[in-house]
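Counting from 5, one number per residue, gives the positions in the sequence shown under the working numbering.
All C-beta atoms in this analysis are idealised placements derived from N, C-alpha and C, irrespective of residue type, glycine included.
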Amino acid sequence: MEKLSKICLAALILKQARCCTTEAGQKKRAALHVVRGAAALAAHDPGGLDVLSADAAVFVATLRRENRTLKRGLTDPRLFDGIGNAYSDEILHAARLSPVQLTSRLSDAEAERLFRAAQATLTRWMDELARRFAAKFPGPGDITAFRSEFAVHGRYGKPCLDCGDTVQRIRYAENETNYCPTCQTEGRVLADRSLSRLLKDDWPREARGVVPD
Ligand SMILES: [Zn+2]
């Protein structure tokens, strides 16, 4: 058997290719489960809504089920399927909404705009990445949460691609949310540390307890 790289945790060895699973994060939170049958697999599904096949009414009702920040709501896998830190930043920027706006304060028009932005952003990137890797299997450096064409995510201190204002951030634990003041918060720069403190109960669950009091 051929030798696998040290960072390979599990490998699927197929006829013409080898798919290696790695965990690049410092926290080592990834897990692999082997299950048998659809029911056993379903037990691993947190139940989030598939935004691409949902209609606006269901999306908005799901978003309003709990009162929390838009950032937290969008990235909760129990509410929505497959929206992580990077794409939630891009969706909120496309919708021209603040990451810390509360779902209870969202108008119907804003909620509808967020739905359209979520569908458009996810569709755009699914198509783009499928096109990019149609003829080339993703290699080192291709699997990343940072893409140079992102409007705000991973662009702290750099110009917003739409308006040129400087992209800002709110840090919590090892994550950060990026946003553009001009496009999303009526020009306001949100206080980083105090906001983390104020909203610490509304950050993603795994980050709780590590935000400074
Ligand atoms: Zn902007």
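Can you give me the C-alpha to C-alpha distance between residue i and residue j, rounded to a whole angstrom?
{"i": "A211", "j": "A60", "result": "Legend: pLDDT at A211 = 38, less than 50; position of this residue unreliable, value from coordinates given subsequently. When rounded, the distance between both Cα atoms is 30 Å."}
{"i": "Q172", "j": "Y183", "result": "5 Å"}
{"i": "I87", "j": "D80", "result": "8 Å"}
{"i": "T66", "j": "L56", "result": "14 Å"}
{"i": "A15", "j": "L36", "result": "11 Å"}
{"i": "R192", "j": "V156", "result": "16 Å"}
{"i": "L18", "j": "P50", "result": "30 Å"}
{"i": "F141", "j": "E70", "result": "40 Å"}
{"i": "L110", "j": "G158", "result": "26 Å"}
{"i": "A115", "j": "T127", "result": "18 Å"}
{"i": "K10", "j": "E27", "result": "11 Å"}
{"i": "T139", "j": "A195", "result": "Sequence check: residue 139 is Ala here, not Thr. About 45 Å."}
{"i": "L13", "j": "D54", "result": "29 Å"}
{"i": "G213", "j": "F154", "result": "In this predicted model, G213 has a pLDDT of only 35, less than 50, meaning its place in the structure is not dependable enough to derive any value."}
{"i": "T170", "j": "P185", "result": "8 Å"}
{"i": "Y176", "j": "N89", "result": "12 Å"}
{"i": "T181", "j": "A149", "result": "13 Å"}
{"i": "I174", "j": "M130", "result": "27 Å"}
Would you kindly report the start and end of the unbroken alpha helix (DSSP H) that includes residue i?
{"i": "I89", "result": "Sequence inspection shows Asn at residue 89; the Ile mentioned does not correspond to that position. Taken as a continuous stretch (DSSP letters only), the alpha helix (DSSP H) holding N89 covers 89 to 99."}
{"i": "T107", "result": "Taken as a continuous stretch (DSSP letters only), T107 belongs to no alpha helix (DSSP H), as it is neither H nor E."}
{"i": "T125", "result": "112 to 136"}
{"i": "V62", "result": "60 to 67"}
{"i": "A43", "result": "42 to 46"}
How far does the beta strand (DSSP E) with residue i in it extend, from its first residue to its last?
{"i": "Q172", "result": "172 to 176"}
{"i": "L16", "result": "14 to 17"}
{"i": "C187", "result": "Here C187 belongs to no beta strand (DSSP E); instead the alpha helix (DSSP H) covers 185 to 188."}
{"i": "R22", "result": "22 to 25"}
Given a threshold of 16 other Cβ atoms within 10 Å of its Cβ, counted over all protein chains shown, does residue i qualify as buried or as exposed?
{"i": "D93", "result": "buried"}
{"i": "T25", "result": "exposed"}
{"i": "Q30", "result": "exposed"}
{"i": "Q188", "result": "buried"}
{"i": "H48", "result": "exposed"}
{"i": "V38", "result": "exposed"}
{"i": "L96", "result": "buried"}
{"i": "A98", "result": "buried"}
{"i": "T125", "result": "buried"}
{"i": "L133", "result": "exposed"}
{"i": "R22", "result": "exposed"}
{"i": "I147", "result": "exposed"}
{"i": "F84", "result": "buried"}
Using DSSP's beta-bridge definition, name the partner residues of residue i.
{"i": "E180", "result": "R175"}
{"i": "T73", "result": "L106"}
{"i": "L53", "result": "F84"}
{"i": "P144", "result": "Per DSSP, none; premise fails for P144."}
Segment contact flag, the stretch 74 to 91 with the stretch 99 to 108, C-beta cutoff 8 Å, min 3 pairs
Short answer: they touch.
Any contact of the stretch 39 to 55 with the stretch 149 to 164, i.e. 3+ C-beta pairs under 8 Å?
Two segments are said to touch when three or more pairs of C-beta atoms, one from each, lie closer than 8 Å; by this definition the stretch 39 to 55 does not touch the stretch 149 to 164.
At a cut of 8 Å, does the stretch 53 to 68 reach the stretch 112 to 121 through at least three beta carbon pairs?
When C-beta atoms of the stretch 53 to 68 are compared with those of the stretch 112 to 121, three or more pairs fall below 8 Å, so the two segments count as touching.
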